Ligand SMILES: [Zn+2]
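Numbering (the working numbering), first residue to last: 1 to 264.
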């Protein structure tokens, strides 16, 4: 599932089209028809591309904003001018002289009219751990210390209203590196531990942007990249050889992965 690092990588790619006029707009997916993208975006110009948490905001000269969230299967691609734009599952293609922005398999897309408020989930987002104006350690410590003390840290870290950008994979990896079990209650967490979780999450996300959205924080002596605990249930911990454990957590039952020895 795309996490904050994918949204920020995509935003950097889409930002290459800022200042470009739309030469053509296509929206062949029948489910996208009610949005009338072709009509509403004709003659517009892309002015900015932003990522907020896992949300994408593409801004236009008209004041309209295209909001998209990739959920499990969506994908943004920015194709060089003249490159073939694959048609399968294409929801929206914005053609400019500098390239084409193409959105695939993304039902969670909406074009907001000027001055229309951002959707509630975006407006309610906590500090984005990849936002240059945010101190990730301080923001995370503040958010986790103020949240319901009975919540488990693994579940709280996925709550985008507290801090935004961290998804299930980085949650697992950051908690391993911070040596904090996903099952610990926030009440047991110190401010220093909470800040460390935020600092590590932000570093992993930033590396993910550099890796074009891939999640590969672990580097073996051989130079091979891999994960510490995410999707490694039953495999030996890379630090202590204890078997990694996995179990569903929280209302959304997202799978938590942890080393019972390194993360007591
Ligand atoms: Zn271990």
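In this text, a Cβ means the ideal position worked out from N, Cα and C, and glycines have one as well. Note that the coordinates shown come from a computational prediction; the quantities given were computed from them, not determined experimentally.
- Here residue 48 is not near residue 11, since their CB atoms are 7 Å or more apart.
- The residues 233, 255 and 257, in chain order, have a CB closer than 6 Å to that of residue 246 in the same chain once the five nearest residues on each side in sequence are set aside.
- With a cutoff of 7 Å on beta-carbon distance, residue 98 and residue 14 are scored as not near each other.
- The nearest non-hydrogen atom of ligand 1 is less than 6 Å from the C-beta of residue 239.
- The three-state reading of DSSP puts residue 134 in coil, since its state is none of H, G, I, E or B.
- Taken through DSSP and simplified to helix, strand or coil, residue 5 comes out as helix.
- In terms of side-chain proximity, the C-beta atom of residue 231 is found no nearer than 6 Å to any non-hydrogen atom of ligand 1.
- Look at the beta carbons and you see the segment 163-177 touching the segment 193-201: at least three pairs across the two are nearer than 8 Å.
- Distance check between residue 263 and each of 153, 204 and 74 places 153 closest, using alpha-carbon atoms only.
- Cβ neighbours of residue 55 within its own chain (closer than 7 Å, five residues either side excluded): 7, 67, 69 and 122.
- Restricting attention to 137, 133 and 26, the CA atom closest to the CA of residue 37 is found in 26.
- With fewer than 16 other beta carbons inside 10 angstroms of its own, residue 236 counts as exposed.
- Shown here for residue 62: same chain residues with a beta carbon closer than 7 Å to its own, the five before and five after excluded, namely 44 and 114 in chain order.
- According to DSSP, residue 60 shares a beta bridge with 46.
- Counted as a single uninterrupted DSSP element, the alpha helix (DSSP H) harbouring residue 203 occupies residues 191-210.
- The Cβ neighbour count for residue 190, taken over all protein chains shown within 10 Å, is under 16; the residue is labelled exposed.
- As computed with DSSP, residue 219 is found in a beta bridge with 225.
- Residue 112 is positioned such that its CB atom lies no closer than 7 Å to that of residue 22.
- Annotated three-state conformation of residue 127 is coil, per DSSP.
- Leaving aside the five residues that flank residue 147 on each side, the residues in its chain whose CB is nearer than 8 Å to its CB run, in chain order, 156, 159, 162 and 186.
- Assignment of beta strand (DSSP E) within the segment 72-160, counting only whole runs of 3 or more residues, yields 75-79, 90-96, 99-104 and 109-112 in chain order.
- For residue 179, the shortest separation between its Cβ and any heavy atom of ligand 1 does not lie below 6 Å.
- When distances are taken from the beta-carbon of residue 262 to the heavy atoms of ligand 1, the shortest one is below 6 Å.
- Annotation for residue 259 indicates a beta carbon within 6 Å of some heavy atom of ligand 1.
- For residue 124, same chain residues with a beta-carbon under 6 Å away, outside a window of 5 residues either side, are 161 in chain order.
- In its chain, beyond the 5 residues on either side, 4, 8, 165 and 205 have a beta carbon closer than 6 Å to the beta carbon of residue 130.
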